[in-house]
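Participant: The opening residue of the sequence shown carries number 783 in the working numbering; numbering runs sequentially from there.
C-beta atoms are modelled at their ideal positions from N, C-alpha and C, and glycine is treated no differently.
Let me give you the structure first, and then I'll get to my questions.
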Amino acid sequence: MPKGKKDKNPKGRHAGRGLPEDLSSEFDDKDSLADLESVVSGVSEATSQNDSEKEQEEIEALEEKLKEAIDGLYEKSTQGRAGFLEYLLKSFQSRLLTDFLSTRYETLADSMERCLRKGRGPEQGAAASVTAAAMLQLGDDGTIFLFNSVHPILLTLLSDKSVPASARARIAEALGFLTFICGDNLDAFQSTMKALESVFGLAYPRGCGSGTGGFNPDMFALIGAALCSWTLLVSLLPPEQLGNFVERHLEKLPGLLDSTDLGLRIACGECIALVYEILREQDEDFEILAHDDLCDKLRLLATDSQKFRAKKDRKQQRSSFREILRTVEENEYPLESMKFGKEILRLDSWSRKVQYDNFCTLLGPGTNYHLASNELIRDIFGLGSVIPSDERRAGKVSKMDRHLSNMATFKARTKARNKTRDKRAYNDDY
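Next up, the structure:
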């Protein structure tokens, strides 16, 4: 060691790495971990309170914006009204606003009626979708009032060829939902079924020609939406009543399987599978007259590998028609499980699958939220009472809790490993 310089590390070059020995001996792992766990617990409680307060503030802010949106439906600008309608739709999709709507359903009904009567194109389609989404959140009085206000208007618009096909497609979807929710109104049920039949019946093959071609994409979307809504209403019918509604369609529906539009082919196949499912509850051997030809056509669609179809379309078509073929040919039904939160919805019949798919179309990304929180939808799918939010949150760890827990685990693990390491050790063989 050079003269005049003191050894700053008398216990060895590596002794200073990590914690100093005097501190290391006094530092207790268990006490440290307990302190960190208490911090995690305290932060968790504070986070829970903050979340509740934040959620309440968000609801109040949302309600103010909803009031502005409803008032905005009386603006002169068509584009402005359409924008407010789309905002209302997204709000109804993502939130349960029963309390808000319970005192405003008359105002909402008046606004929707005005938009449907005086609006044009996109505004009419958006108003129809908003009406359907609102129907899922209203009580009995509000539901009946809104239905009676807009149902006749929707029937008129659906058959009005001057209304753009894209808007009529949304009207067809809304009309099916409104009638599905108010299914005990027999007159309205029958009039809706006939109106939808008149739309998708346009695609039936006629004579030697084919009625499944010659439509633009918007028209195909309208025909498919009408058939899906009709199928949704068919899912409500018992076997003894179904024959009166579908008898005239049973021999014509298979003709839609030749359509050039994938969505219409799948909608037709699911409708046929649903009819078979319901009628076989009464007669296990039920078959249409051209049953063998139908099975051949379904089998062809279930194994289709023609290259002129897009790869994604071929995959979707084969997957759908394999299930449809099993139902028609072997009397087997689909079995799917949809998980939302801690709950599971089992789709074990075509009736449930058709209903679930239609709800997904209307609610979009808010479907799982409504399955967990909306009493009407839970009643439709037999999910029981709504689980309180506190119970749903129980066991759900927030990001802050996970972060603090990971910090505590990492620190304890690092200290435990450091105790077993001797950084001054070396191998005598080398």
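Label K1094 either buried or exposed according to how many other C-beta atoms from any shown protein chain fall within 10 Å of its C-beta, with 16 as the threshold for buried.
Facilitator: When all chains shown are included, K1094 counts as exposed.
Participant: Alpha carbon to alpha carbon, how far is E955 from T961?
Facilitator: Taking the straight line joining both Cα atoms gives about 10 angstroms.
Participant: Do the CB positions of Y1115 and S1131 come within less than 9 angstroms of each other?
Facilitator: Contact flag set, yes.
Participant: Which value, in whole angstroms, describes the spacing of the CA atoms of P1036 and G1051?
Facilitator: Using only the alpha carbons, I get a separation of about 8 angstroms.
Participant: Across which residues does DSSP place M1120 in a beta bridge pair?
Facilitator: Answer is L1127.
Participant: For the segment 1020–1031 against the segment 995–1009, are there 3 or more C-beta pairs whose distance is under 8 angstroms?
Facilitator: Touching, no, given that fewer than three Cβ pairs across the two stretches are closer than 8 angstroms.
Participant: When burial is assigned at 16 or more other CB atoms within 10 Å of the CB, is K776 buried or exposed?
Facilitator: Summary: the structure shown does not reach residue 776, with the chain confined to residues 783 through 1212, and so no result is reported for it.
Participant: Please list, in chain order, all residues of the same chain as G854 whose beta carbon is under 6 angstroms from its beta carbon, the five residues on each side excluded.
Facilitator: Same-chain partners within the cutoff: F866.
Participant: Taking the C-alpha atoms as reference points, what is the distance between L1009 and E1059?
Facilitator: Rounded to whole angstroms, L1009 to E1059 spans 17 angstroms at the Cα level.
Participant: Measure from the alpha carbon of F929 to the alpha carbon of each residue in K943, T938, A914, P904, then state which is nearest.
Facilitator: Cα-wise, what sits closest to F929 is A914.
Participant: Return the Cβ separation of E895 and I935 in integer angstroms, given the expectation that the two are a contact with Cβ distance under 8 angstroms.
Facilitator: Contact holds; Cβ gap of about 6 angstroms.
Participant: L1127 and S1165 - do their beta-carbons sit closer together than 9 angstroms?
Facilitator: The sequence as given places Leu at residue 1165; Ser does not occur at that position. Yes, the Cβ-Cβ distance between L1165 and L1127 is below 9 angstroms.
Participant: Within the same chain, show all residues whose beta-carbon is closer than 6 angstroms to that of T1202, passing over the 5 residues directly before and after it, in chain order.
Facilitator: Cβ neighbours of T1202 beyond the five flanking positions: none.
Participant: Determine the closest residue to S1251 out of D1078, K1097, S884, with distance taken between C-alpha atoms.
Facilitator: Any question about residue 1251 goes unanswered here, given that the chain covers just 783 to 1212.
Participant: Between A910 and L918, how many whole angstroms is the CB-CB distance? I'm expecting something under 8 angstroms.
Facilitator: Going by Cβ atoms, the distance from A910 to L918 rounds to 14 angstroms, so no, they are not a contact pair.
Participant: If you measure from the beta carbon of T938 to each beta carbon in chain D, is any gap under 9 angstroms?
Facilitator: Chain labels in this structure do not include chain D; a single protein chain is all it has.
Participant: Report the three-state DSSP secondary structure of S1155 (helix, strand or coil).
Facilitator: In the structure shown, S1155 sits in a helix (DSSP, three-state: H, G or I).
Participant: Do S948 and P904 have their beta-carbon atoms positioned less than 9 angstroms apart in this structure?
Facilitator: Going by C-beta atoms, P904 is nearer than 9 angstroms to S948.
Participant: If you run the structure through DSSP and keep just helix, strand and coil, what is P934?
Facilitator: Helix at P934.
Participant: So the candidates are Y856, E839, D923; which of them puts its Cα closest to the Cα of T880?
Facilitator: Comparing Cα-Cα distances from T880 to each of Y856, E839, D923, the minimum goes to D923.
Participant: What residue from R902, D966, D942 has the CA that sits closest to I926's CA?
Facilitator: Checked all of R902, D966, D942; the closest Cα to I926 is D966.
Participant: Using only CA atoms, which one of L878, Q972, T1191 lies nearest to G1148?
Facilitator: The shortest Cα separation from G1148 among L878, Q972, T1191 belongs to L878.
Participant: Within 10 angstroms of the Cβ of D1140, are there 16 or more other Cβ atoms? Answer buried if so, exposed if not.
Facilitator: For the sequence presented, residue 1140 should be read as Asn rather than Asp. Under this definition N1140 is a buried residue.
Participant: Here's the rule I'm using: 16 or more other beta-carbon atoms within 10 Å means buried, otherwise exposed. How should T1247 be labelled?
Facilitator: What the structure shows of the chain is the stretch from 783 to 1212, and residue 1247 is not part of that stretch, so it cannot be assessed.
Participant: Going straight from the alpha carbon of R1144 to that of E846, what length do you get?
Facilitator: For the record, residue 1144 in the displayed sequence is Leu; it is not Arg. If I take the Cα positions, the gap works out to 24 angstroms.
Participant: In three-state terms, what does DSSP make of A1072?
Facilitator: In the structure shown, A1072 sits in coil (DSSP, three-state: anything other than H, G, I, E or B).
Participant: In this structure, how does DSSP classify P1021 when only helix, strand and coil are distinguished?
Facilitator: It is helical.
Participant: Just tell me which of L939, E1112, K900, N1150 has its CA closest to the CA of M1120.
Facilitator: Comparing Cα positions, the closest option is N1150.
Participant: Can you check whether the CB of L871 is closer than 9 angstroms to the CB of V912?
Facilitator: Contact: yes.
Participant: Decide if R1199 is buried, meaning its Cβ has at least 16 other Cβ atoms within 10 Å, or exposed.
Facilitator: Exposed, because fewer than 16 other Cβ atoms sit within 10 Å of the Cβ of R1199.
Participant: Taking the CB atoms as reference points, tell me whether Y1138 and F1163 lie closer together than 9 angstroms.
Facilitator: In this structure, F1163 lies closer than 9 angstroms to Y1138 by Cβ.
Participant: With burial defined as no fewer than 16 other Cβ atoms inside 10 Å of the residue's Cβ, what is the status of Y887: buried or exposed?
Facilitator: Its Cβ being crowded by 16 or more others within 10 Å, Y887 is buried.
Participant: Give the range of the alpha helix (DSSP H) segment to which A985 is assigned.
Facilitator: Neither: A985 is in no alpha helix (DSSP H) and is coded neither H nor E.
Participant: Could you tell me the alpha carbon to alpha carbon distance between S980 and S941, rounded to whole angstroms?
Facilitator: Cα to Cα, S980 sits roughly 8 angstroms from S941.
Participant: Are K976 and L1039 touching if we call contact CB-CB under 9 angstroms?
Facilitator: Contact flag unset, no.
Participant: Suppose you measure from the CA of L1046 to the CA of K900; what does that come to, to the nearest Å?
Facilitator: When rounded, the distance between both Cα atoms is 31 angstroms.
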